[in-house]
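Some notes on the structure that comes next.
Residue numbers (the working numbering): 1228 to 1448.
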């Protein structure tokens, strides 16, 4: 059975043209749809496979027997769907997990071993601050025998607002507001954010690097 189109009004878009123009428009829309499907979390994550006790992704083979624990961390708008796939694939190996997602997506997801915490986007908030602090606590407990699978997707930068001292959360809120009102691009916003953060710009990665890290990144920028 043919899969349902992601473009809800695709028939209307094609119908407004006739003959060869309609055919060309259909081809173009199908190409757009194919590109979208290729980066949907449930399709992108299929690149991660399990063969026996070996985790395989993009040519890498990771022997799970080398580790005392498998920790799943993540943040972003697609983190729930990414975590669902990882939990289905590695349920018996996952020791614990923690993801940060937009408020409203943290409930009713069905995850059993991976906890989901709410945050806000695009403006930082106390919810996000609390979630980022908890993420840091997980990272502090990593040892050389930990495999961390990090699930990163769009929105993660805003969802994890942990200001670098002596900055405050209010400072980050004001900076974000000024950047967005000035028309700054997402690349420019993120470039500034990482210099104000205790987790971005490699700071969280530095803590996780005590063990081994496998990052699965789904980005639209």
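Virtual Cβ for every residue (Gly too), placed ideally from N, Cα, C. Only a predicted model underlies this, so the values are computations on that prediction, with no experimental measurement involved.
Residue i to residue j span [Cα, whole Å]
i, j, result
"residue 1360", "residue 1269", "28 Å"
"residue 1275", "residue 1233", "24 Å"
"residue 1380", "residue 1252", "30 Å"
"residue 1440", "residue 1313", "15 Å"
"residue 1397", "residue 1242", "51 Å"
"residue 1393", "residue 1258", "49 Å"
"residue 1228", "residue 1335", "Low confidence applies here, because residue 1228 scores a pLDDT of 38, under 50, leaving its location unreliable and the question unanswered by this model."
"residue 1346", "residue 1386", "5 Å"
"residue 1399", "residue 1391", "10 Å"
"residue 1428", "residue 1256", "37 Å"
"residue 1323", "residue 1358", "16 Å"
"residue 1280", "residue 1248", "52 Å"
"residue 1263", "residue 1236", "16 Å"
Helix, strand or coil at residue i [DSSP, three-state]
i, result
"residue 1276", "strand"
"residue 1234", "coil"
"residue 1228", "Any answer about residue 1228 is weak, because its pLDDT of 38 lies below 50 and its placement is not dependable; what the coordinates show is given next. Of the three classes helix, strand and coil, the one that applies to residue 1228 here is coil, per DSSP."
"residue 1411", "coil"
"residue 1295", "coil"
"residue 1447", "coil"
"residue 1285", "coil"
"residue 1493", "For the chain, the structure presents residues 1228 to 1448; residue 1493 sits outside this window and is missing."
"residue 1317", "helix"
"residue 1343", "strand"
"residue 1426", "coil"
"residue 1241", "helix"
Any C-beta of chain B under 8 Å from that of residue i
i, result
"residue 1434", "Absent here is chain B; the protein component of the structure consists of one chain."
Range of the contiguous alpha helix (DSSP H) that encloses residue i
i, result
"residue 1353", "1353–1367"
"residue 1254", "1246–1265"
"residue 1325", "No alpha helix (DSSP H) contains residue 1325, which is instead part of the beta strand (DSSP E) from 1321–1329."
"residue 1394", "Here residue 1394 belongs to no alpha helix (DSSP H), and DSSP marks it neither H nor E."
"residue 1386", "1383–1386"
Contact check, residue i vs residue j, beta carbons under 8 Å
i, j, result
"residue 1403", "residue 1351", "yes"
"residue 1326", "residue 1300", "yes"
"residue 1432", "residue 1382", "no"
"residue 1309", "residue 1443", "yes"
"residue 1406", "residue 1419", "yes"
"residue 1378", "residue 1271", "no"
- Check whether the stretch 1408–1428 touches the stretch 1368–1375, counting contact only when three or more Cβ pairs, one atom from each stretch, lie closer than 8 Å. The stretch 1408–1428 vs the stretch 1368–1375: no contact.
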